[in-house]
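A short worksheet on the structure shown next.
In my numbering, the protein residues as written are 10 to 151.
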C-alpha cells in the first residue's frame, strides 16, 4: 500500500478525523497531526484579517502528492494531507496533515517536512481580506 493515503485539494471543510482514519495502521506507534488555520492577524495587515481566498494551479494536487511521497521516502511513515481552496473564514482549517509511523521522531519529522515544503513548493496562492476591505495577494504556498 502507498505511503500516501490522502493528498488532495478541497473546496469542502477539511476533516481531521478522516485524515487520522486514513493513516490508521497497527504497526504505527506514533501519529502526529498539523492543522493550519486562518488567523485574524498578519504582521503586514493594517486591519483585522477576516478571510483568506485560496486558489491553486491545476497541477497542485499532483504536487501535493509528490511532496507527501518525498517526505515519507525511506521511512515507514503513512501520510494524509489536504489543502483547502476557496474562501475560508477565520478559524477554518486551510491545511490538515496526519502522519503515522513506528516512532514519534519520524512522525514529527515527516509531518514537519510536509508542511514546510507545502509553504515553499505547492502552487497555491492566497488573497488576504481585511476588515476594511483591503486585500493583498500572498505568495506561493499555504
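Cβ atoms here follow ideal geometry from the backbone N, Cα and C, with glycine treated the same way.
Using CA coordinates, which residue listed in the options is at the minimum distance from residue i?
i: residue 122; options: 71, 96, 79 and 59; result: 79
i: residue 77; options: 67, 83 and 88; result: 88
i: residue 101; options: 48, 36, 34 and 31; result: 48
i: residue 57; options: 146, 140 and 147; result: 140
i: residue 119; options: 27, 42 and 20; result: 42
i: residue 144; options: 81, 54, 71 and 14; result: 54
i: residue 125; options: 73, 18, 40 and 26; result: 73
i: residue 2; options: 63, 59, 14 and 97; result: Residue 2 lies beyond the range of the chain shown here (10 to 151); nothing can be said about it.
Please state whether the Cβ-Cβ distance between residue i and residue j is less than 9 Å.
i: residue 45; j: residue 104; result: yes
i: residue 69; j: residue 22; result: no
i: residue 12; j: residue 86; result: yes
i: residue 61; j: residue 136; result: yes
i: residue 25; j: residue 63; result: no
Can you tell me where the beta strand (DSSP E) with residue i in it begins and where it stops?
i: residue 152; result: Residue numbering for the chain in the displayed model covers 10 to 151; residue 152 lies beyond these limits and cannot be assessed.
Would you check whether the ligand FAD has a heavy atom nearer than 8 Å to the C-beta of residue i?
i: residue 144; result: Summarising the ligand content, the structure contains no ligands, and the ligand FAD is consequently not present.
List the endpoints of the continuous alpha helix (DSSP H) containing residue i.
i: residue 144; result: It is not in any alpha helix (DSSP H) - residue 144 instead sits in the beta strand (DSSP E) that spans 144-147.
Less than 7 Å between C-beta atoms, sequence neighbours within five positions excluded: which residues of the same chain meet that for residue i?
i: residue 151; result: In this prediction, residue 151 has a pLDDT of 49, which is less than 50 and means its spatial position is unreliable; what the coordinates show is noted afterwards. Once the five neighbours on either side are set aside, the close Cβ partners of residue 151 are 45, 92, 103, 104, 127, 128, 131 and 133.
Apart from the five residues just before and just after residue i, which ones in its own chain have a Cβ nearer than 8 Å to its Cβ?
i: residue 18; result: 65, 69, 70, 73, 91, 92, 93, 94 and 133
>> Under 8 Å: do the stretch 26-37 and the stretch 109-123 share three or more Cβ pairs, one atom per stretch?
In response: Under the three-pair Cβ rule at 8 Å, the stretch 26-37 counts as touching the stretch 109-123.
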